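In this note's numbering, the protein residues as written are 20 to 362. In what follows, a single structure is set out as structure tokens and then discussed.
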Amino acid sequence: MRVPKGQWHLLRIGAEARQGAGKAGWSGPKERTCDGRNPASNSKRNSKDATMAHDSPTSRFLTQLRADGRSPHTIRQYARHLSLLGRWWGREHPGDDIAAIGHQGLASFLASDDALLRADGEPKKAASMNALRTSLRGFFDYLHRSGALVSNPARVVRMARTSSSAPQPLKPAENERLRAALATATTKAERRDQALFTFLLTTGARLSSALALQVGDLDLNAHEARLRELKGGGALTVYLDMAVVWMLKHELGSRRDGHVFGSSTGSRLTARHAQRRFELWRDRAGLPKRYSPHSLRHTFATLLYERTGDILVVKEALGHRAITSTMVYAKAGPARVRAAVLG
20 MRVPKGQWHL LRIGAEARQG AGKAGWSGPK ERTCDGRNPA SNSKRNSKDA TMAHDSPTSR
80 FLTQLRADGR SPHTIRQYAR HLSLLGRWWG REHPGDDIAA IGHQGLASFL ASDDALLRAD
140 GEPKKAASMN ALRTSLRGFF DYLHRSGALV SNPARVVRMA RTSSSAPQPL KPAENERLRA
200 ALATATTKAE RRDQALFTFL LTTGARLSSA LALQVGDLDL NAHEARLREL KGGGALTVYL
260 DMAVVWMLKH ELGSRRDGHV FGSSTGSRLT ARHAQRRFEL WRDRAGLPKR YSPHSLRHTF
320 ATLLYERTGD ILVVKEALGH RAITSTMVYA KAGPARVRAA VLG
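In structure tokens:
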């Protein structure tokens, strides 16, 4: 595969992916060049590379994603996937120019444990692997179209066939058990958890959107919150019931700025910490371990559809761009079918 001279030695996938995604708030793995060298091992090269880093293909690609209006979540995912590729190439082909990767090299990477396994050693789901394939296709397509590559090594990468998995909302009794467990909150951290998870359960917001919420995004008198960090970009107004308004007022106290759901130091609560806190409450409520904070979004959408029977209302409430994303909730339960058939 031919490549314009002087381009690929700048493609520091592990380091540049992290640097290019820095504005999106992603903290990646240790810095590593595409040929597997540790950049700290050569201070002179390190200084030179730092000057050139902002114009590397990876950095330009992540900048292009921001220019295209891609969400911080999407940019972090691209950066994470490019780091996986960079670490694998540096280990398997030390000293080799990654320009030689070719379509067979990409296939080897996608068939490797680096790509197929999660950090805990468990196999990734087919949907997660398709997300990785999408990142590689987008990256190499950009390099080809921008002239950094003469041909696109990802041109033969195809998506795996997957069956759409049905969302798993909490059952009514489980919903009540979780609410009852949250109602026992006594400490400041527990009351924050109660407000956060009740907010997710009654608005359908994604965890990332809720954690990005600023005090200024709330209008408690109007029972509204403005979500400004969405998966696909943009903003969304969600509506707050009286119970959530009451919890938020107690959570905020006299605060007039900062993150609504902050840590003990006042900084933004991380998604991983929030997930661990949810697991604590999930276990207290005796719920199955399959549930995660995202299950609360599924629960909200399922209940809203059952209550209204209007899939368009659910679409708008969730902030979906395409109705196809919302159709997974359009299920008619046995009681509804019976009533419709028997009158």
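Here a beta-carbon is modelled for each residue, glycine too, at the ideal position from N, C-alpha and C. These figures come from a predicted structure and were not determined experimentally.
Of the choices T203, L215, G277 and A200, whose alpha-carbon is the least far from that of D236? Per the Cα distances, G277.
Counting only the same chain and skipping the five closest in sequence on each side, list residues whose C-beta sits under 8 Å from that of R291. Hits under 8 Å: none found.
Does DSSP classify Y310 as helix, strand or coil? In the three-state reduction of the DSSP assignment, Y310 falls in the coil class.
From L299, A254 and P91, pick the residue whose C-alpha is nearest to that of D212; which is it? The option with the nearest alpha carbon to D212 is L299.
Would you check if the distance between the CB atom of R316 and the CB atom of L219 is smaller than 8 Å? Result yes, Cβ atoms of R316 and L219 sit closer than 8 Å.
Do L246 and L232 have their C-beta atoms closer together than 8 Å? Yes; because the gap between Cβ atoms is below 8 Å, this pair is in contact.
Any idea if A349 is buried or exposed, counting beta-carbon neighbours within 10 angstroms, 16 or more meaning buried? Burial check for A349: the Cβ neighbour count within 10 Å stays below 16, so the residue is exposed.
Less than 8 Å between the C-beta atoms of A244 and L226, yes or no? In this structure, A244 lies away from L226, with their beta-carbon atoms at least 8 Å apart.
Count Cβ pairs between the stretch 178 to 193 and the stretch 304 to 314 that sit closer than 8 Å; are there 3 or more? Because the criterion of three Cβ pairs below 8 Å is met, the stretch 178 to 193 and the stretch 304 to 314 touch.
Let's see if you can read the secondary structure: which residues bound the alpha helix (DSSP H) around L197? In the DSSP assignment, L197 falls within the alpha helix (DSSP H) that extends over P191 to L201.
Neighbourhood of A320 by C-beta distance below 8 Å, restricted to the same chain and skipping five residues each side: Excluding positions up to five away in sequence, the list reads P186, P188, G223, V333, A336, L337, T345 and Y348.
Helix, strand or coil for A173 per DSSP? In this structure, DSSP gives A173 a state outside helix and strand, which the three-state scheme calls coil.
I'd like to know whether the C-beta of G88 is nearer than 8 Å to at least one C-beta of chain D. In the structure shown, chain D does not exist; there is a single protein chain.
Check the C-beta distance from R210 over to A204 and give it rounded, since I have them as a contact under 8 Å. Approximately 5 Å separates the beta-carbon atoms of R210 and A204; this is inside 8 Å, confirming the contact.
Between which residues of its own chain and G251 is the CB-CB distance below 7 Å, once the five residues before and five after are set aside? These residues qualify, in order along the chain: S90 and R340.
Beta-carbon within less than 8 Å of G88's beta-carbon, same chain only, minus the 5 sequence neighbours each way: which residues are those? The residues are G252.
Please state if the CB of A98 and the CB of L81 are separated by a distance shorter than 8 Å. Closer than 8 Å, so yes.
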